[in-house]
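> Before anything else, here's the structure in question.
Numbering (UniProt numbering), first residue to last: 1 to 187.
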């Protein structure tokens with residue numbers, strides 16, 4: 001590993017994009033370096049790990065904390081980074097791909113990965129994956145059920161009855177008249 005520091009003169013844009021962070025259980029790394037940008041001109045490479053931002057330890061920062069720290073820099077931005085030596089770098093001749101860096105998870109990340117996959121099994125077409133169930137919990141829709149055939153049939157019957165009602169006809173006519181006036185079309 002090669003540790004190095006760069007100071008980018010402000011103002012932004014700094015010419016790089018980050019990925020990862022403590023909240024993603026992976027180190028903050030350079031996911032993109034703009035060719036010819038300020039970061040590229042100082043030798044920052046894709047895949048380089050962010051060690052510190054303006055003397056603040058970046059290894060325990062969430063993605064948003066790192067973004068906020070970078071945004072707070074106006075006149076200059078000092079970064080300490082770690083590169084694997086001959087890993088991928090953006091150069092003036094394009095992208096050189098050799099010995100691509102890979103993320104080596106720490107023990108906490110390995111444990112989380114094992115926990116997340118220990119109940120994995122092939123799913124049938126009617127069951128939800130664990131990640132989908134987690135997403136449903138996060139969005140507050142985990143209480144919702146897939147419609148069964150009986151509920152679907154009742155909903156379809158209600159819809160067909162409703163579109164044949166006088167109330168629907170009045171609403172449809174009102175909507176068509178309103179749309180025609182808005183579009184300046186004679187009905």
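Where a beta carbon is used, it is the ideal one built from N, C-alpha and C, also for glycine.
Buried or exposed: residue 53, going by 16 or more other Cβ atoms within 10 Å of its Cβ?
It is buried - the Cβ of residue 53 has at least 16 other Cβ atoms within 10 Å.
> Take the Cβ of residue 58 as the centre, count every other Cβ of all protein chains shown within 10 Å, and call the residue buried at 16 or more, exposed below.
Its Cβ being crowded by 16 or more others within 10 Å, residue 58 is buried.
> Taking the alpha carbon of residue 30 as the reference point, which residue from 22, 178 and 45 has its own alpha carbon closest?
Measuring from the Cα of residue 30, the nearest candidate turns out to be 45.
> Suppose you measure from the CA of residue 184 to the CA of residue 172; what does that come to, to the nearest Å?
Distance between the alpha carbons of residue 184 and residue 172: 18 Å.
> Among 71, 24 and 74, which has the Cα closest to the Cα of residue 63?
Of the listed residues, the one whose Cα sits closest to residue 63 is 24.
> Round the Cβ separation of residue 27 and residue 20 to the nearest angstrom and send it over; I've been treating them as touching at under 8 Å.
Between residue 20 and residue 27 the Cβ distance is about 5 Å, and since that is below 8 Å, they are a contact.
> Pick out the complete alpha helix (DSSP H) segments inside the segment 13-98, 4 residues or longer, and give them in chain order.
The qualifying runs are 38-41 and 63-72.
> Roughly how far, in whole angstroms, is the beta-carbon of residue 49 from the beta-carbon of residue 81, given that I think they are within contact range, below 8 Å?
Right, their Cβ atoms sit about 6 Å apart.
> Let me check one thing: in DSSP terms, what residues is residue 8 bridge-paired to?
The partner list for residue 8 (beta bridge, DSSP) reads 77.
> Helix, strand or coil, according to DSSP, for residue 185 in the structure here?
Three-state DSSP puts residue 185 in coil, outside helix and strand.
> For residue 3, which residues does DSSP report across the bridge?
Answer by DSSP bridge pairing, in chain order: 82.
> Buried or exposed for residue 3, going by 16 or more other Cβ atoms inside 10 Å?
Exposed, by the Cβ-count rule.
> Short of 7 Å in beta carbon distance, which residues of its chain neighbour residue 39, apart from the five on each side in sequence? Order them along the chain.
Hits under 7 Å: 8, 14, 15, 16 and 33.
> Please state if the CB of residue 79 and the CB of residue 10 are separated by a distance shorter than 8 Å.
No, the Cβ-Cβ distance between residue 10 and residue 79 is not below 8 Å.
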